[in-house]
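There are 2 protein chains.
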Amino acid sequence: MPKRTIGAVPYIYPVPIVMVGAVVDGKPNYATVGDCAIMGIKPATVVVSLAEGHHTTQGVVGHGTFGISIPSTSELPLVDQFGQVSGRDIDKSQIVESFFGELGNAPMLVSAPVCLECRVIETVDVEHRCIFVASVVQTHVDEAYIDDEGRIAPMNELDPILYALDNRYYNVGKAIGVGYQVAREGDDS
Amino acid sequence: MPKRTIGAVPYIYPVPIVMVGAVVDGKPNYATVGDCAIMGIKPATVVVSLAEGHHTTQGVVGHGTFGISIPSTSELPLVDQFGQVSGRDIDKSQIVESFFGELGNAPMLVSAPVCLECRVIETVDVEHRCIFVASVVQTHVDEAYIDDEGRIAPMNELDPILYALDNRYYNVGKAIGVGYQVAREGDDS
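So the protein lines, in turn, are chains A and B.
If you count the first sequence from 1, position 114 lands on 114 in the numbering used here, and the numbers rise without skipping.
If you count the second sequence from 1, position 40 lands on 40 in the numbering used here, and the numbers rise without skipping.
Following this line, the structure appears as structure tokens:
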């Protein structure tokens with residue numbers, strides 16, 4: 001299939017929608033963020049990119065810590081709202097219920113099934129963006145989504161919000177294969 | 001809902017499955033990667049994390065460039081295979097059809113609907129991982145997925161492969177909202 005060039009567009013999809021929490025002026029604040037990813041399992045490393053002028057960014061830079069909370073689709077209106085309104089204009093700590101873990105300044109959302117406490121280990125500035133590479137210090141999972149052997153529920157039960165540069169939110173579809181087995185099954189067929 | 005701590009696990013989901021291409025020993029090689037994200041729109045910036053010992057990593061370090069190709073679910077067997085087998089052991093350039101764009105050493109997959117040419121602007125080393133922050137130089141989209149106004153098809157038509165740390169692949173579900181509108185609609189209801 002012939003391809004068309006469209007200029008420099010960072011069209012990676014899907015984008016995972018997370019809420020990045022930081023303490024600003026003594027209060028938890030949250031930004032809706034899609035620029036976020038796993039960077040390594042052992043050691044547990046993640047990356048988040050924030051606009052340097054954002055209210056949350058100030059808290060991450062000030063404390064060197066942040067929380068990542070992964071909301072479910074039932075929270076989409078809140079998620080979309082927090083992506084549009086700055087913590088300078090509203091006190092988001094009054095709208096959602098926060099909790100803290102080992103790090104004192106990494107606020108997370110009680111309502112999110114999975115939350116990560118993170119400590120910044122390196123910052124890369126690219127023009128007006130702050131790219132924070134961070135260690136995960138502790139991971140918190142709702143009891144409803146973890147079994148007695150410590151296995152976390154399948155992703156479609158966690159029901160995260162996906163986003164893409166077509167400016168739409170999506171949910172997860174169905175499981176289509178098991179990692180490191182599909183190739184073998186494909187070979188057999 | 002009470003939460004349980006599970007130690008430091010970078011449980012961000014969904015993970016976007018992409019193929020990172022680099023030229024190694026004069027030939028295109030590809031690694032299946034989930035540690036990849038948008039870091040900014042303007043300037044178009046992305047991040048990819050690779051294990052330092054991987055064959056593809058050698059090409060990215062050597063040339064300072066790489067390609068990102070985003071496969072569709074129909075390519076899952078290939079994607080899963082390329083995640084298991086090193087380019088040291090098989091010549092992946094013989095299995096897939098590659099193309100190049102403006103950068104001479106950023107191979108991309110003809111079969112992928114969306115491909116990005118990237119130039120490394122900063123590398124962060126975290127133990128045995130190389131985290132490459134990169135500028136997108138050019139983006140290539142299959143003619144079938146772009147209309148006359150230059151709009152790319154909705155994500156569920158692009159049909160990418162998602163992954164999560166439950167070690168399952170998933171497809172995208174359905175659109176559940178439009179960005180920056182859901183909050184307002186929620187307020188109305």
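Don't be surprised by glycine CBs; every beta carbon is placed ideally from N, CA and C.
Neighbourhood of Pro154(A) by C-beta, 7 Å cutoff - its chain only, sequence neighbours within 5 removed: Within the first sequence, numbered from 1, the residue matching residue 154(A) stands at position 154. Hits under 7 Å: Ala175.
Beta-carbon proximity of Thr73(B) to Asp159(B), cut-off 7 Å: Along the second sequence, read from residue 1 onward, the residue named residue 73(B) stands at position 73. Along the second sequence, read from residue 1 onward, the residue named residue 159(B) stands at position 159. Contact flag set, yes.
task: Pull up the DSSP beta-bridge partners for Met108(A), would you.
output: In the first sequence, residue 108(A) corresponds to position 108, counting from 1. Its beta-bridge partners are Phe99(A).
field: 7 Å Cβ cutoff, Lys3(B) in contact with chain A
entry: For the purposes of this step, residue 3(B) is taken as residue 3 along the second sequence, with counting starting at 1. Yes, contact with chain A.
field: Within-7 Å CB hit, Leu109(A) to chain B
entry: Counting from one through the first sequence, the residue named residue 109(A) turns up at place 109. Taking Cβ atoms only, chain B never reaches closer than 7 Å to Leu109(A), which makes this a no.
message: Could you check whether the Cβ of Tyr170(B) sits closer than 7 Å to any Cβ belonging to chain A?
response: Taking the first residue of the second sequence as position 1, residue 170(B) is located at position 170. Yes, Tyr170(B) lies at the interface with chain A (some Cβ there is under 7 Å from its Cβ).
- prompt: What residue does the beta strand (DSSP E) around Val20(B) start on, and which one ends it?
  reply: Residue 20(B) sits at position 20 when you count from the first residue of the second sequence. Counting along the chain, Val20(B) sits inside the beta strand (DSSP E) bounded by residues 18-24.
task: Use the C-beta contact count for Ala37(A): other C-beta atoms within 10 angstroms, 16 or more gives buried, fewer gives exposed.
output: Position 37 of the first sequence, counted from the start, is the residue given in the question as residue 37(A). Under this definition Ala37(A) is a buried residue.
- request: Identify the contact partners of Gly175(A) in chain B, using a Cβ-Cβ distance below 8 Å as the criterion.
  value: The residue labelled residue 175(A) in the question sits at position 175 within the first sequence. The sequence given here places Ala at residue 175(A); Gly does not occur at that position. For Ala175(A), the C-beta contacts it makes with chain B under 8 Å involve Arg168, Tyr169, Tyr170, in order along the chain.
query: Should the stretch 94-112 of chain A be called in touch with the stretch 61-69 of chain A, which here means at least 3 C-beta pairs below 8 Å?
result: Segments in contact, yes.
query: Less than 7 Å separating the beta-carbons of Thr45(A) and Ile6(B)?
result: To locate residue 45(A), count along the first sequence from 1; it is residue 45. To locate residue 6(B), count along the second sequence from 1; it is residue 6. Cβ atoms of Thr45(A) and Ile6(B): not closer than 7 Å.
query: Helix or strand or just coil, what does DSSP make of Ala134(B)?
result: Stepping through the second sequence from its first residue, residue 134(B) is reached at position 134. Correct three-state label for Ala134(B): strand.
- request: Per DSSP, which residues does Ile146(A) bridge with? Please list them.
  value: Within the first sequence, residue 146(A) is the residue found at index 146, counting from 1. DSSP lists Ile152(A) as the bridge partner or partners of Ile146(A).
query: Quick one, are the C-beta atoms of Val15(B) and Val133(B) less than 7 Å apart?
result: Numbered from its first residue, the second sequence carries residue 15(B) at position 15. Numbered from its first residue, the second sequence carries residue 133(B) at position 133. In terms of Cβ geometry, Val15(B) and Val133(B) do not form a close pair [threshold 7 Å].
query: My guess is that Gly59(B) and Asn29(B) are in contact by the Cβ rule of under 8 Å, so how many angstroms apart are they, rounded?
result: On the second sequence, residue 59(B) is found 59 positions in, with the first residue counted as 1. On the second sequence, residue 29(B) is found 29 positions in, with the first residue counted as 1. In this structure Gly59(B) is in contact with Asn29(B), their Cβ atoms being roughly 6 Å apart against a cut-off of 8 Å.
Interface residues of chain A facing Ser72(B) [CB-CB closer than 9 Å]: Position 72 of the second sequence, counted from the start, is the residue given in the question as residue 72(B). Counting only Cβ-Cβ distances below 9 Å, Ser72(B) has no contacts in chain A at all, with the closest Cβ about 11 Å away.
message: Bridge partners for Tyr170(B) per DSSP, in chain order?
response: Stepping through the second sequence from its first residue, residue 170(B) is reached at position 170. In the DSSP assignment, Tyr170(B) is bridged to Ala175(A), Leu162(B).
query: For Arg129(A), does the count of other Cβ atoms within 10 angstroms reach 16, so buried, or fall short, so exposed?
result: Locating residue 129(A) in the first sequence gives position 129, counting from the first residue. That one is buried.
message: So Ser49(B) contacts chain A; which residues on that side make the cut at Cβ distance below 7 Å?
response: Residue numbering aside, residue 49(B) sits at position 49 when the second sequence is read from its first letter. The CB of Ser49(B) comes closer than 7 Å to the CB of Met39, Gly40 in chain A, given here in chain order.
field: Chain-ordered neighbours of Ile6(A) on chain B, where CB pairs are closer than 9 Å
entry: Residue mapping note: residue 6(A) aligns to position 6 of the first sequence, counting from 1. Near Ile6(A) (Cβ distances below 9 Å), the residues of chain B are Gln138, Thr139, His140, Val141, Ile146, Gly150, Ile152.
- prompt: Going along the chain, which residues of its own chain have a beta-carbon closer than 6 Å to the beta-carbon of Asn156(B), five neighbours each way excluded?
  reply: As a working note, residue 156(B) is residue 156 in the second sequence. Scanning its chain for C-beta atoms nearer than 6 Å, with the 5 sequence neighbours on each side dropped, one finds around Asn156(B) the residues Val172, in chain order.
message: Using only the alpha-carbon positions, how far apart do Tyr163(A) and Tyr11(A) sit?
response: In the first sequence, the residue the question calls residue 163(A) occupies position 163. In the first sequence, the residue the question calls residue 11(A) occupies position 11. A straight line joining the alpha-carbon of Tyr163(A) with that of Tyr11(A) spans about 11 Å.
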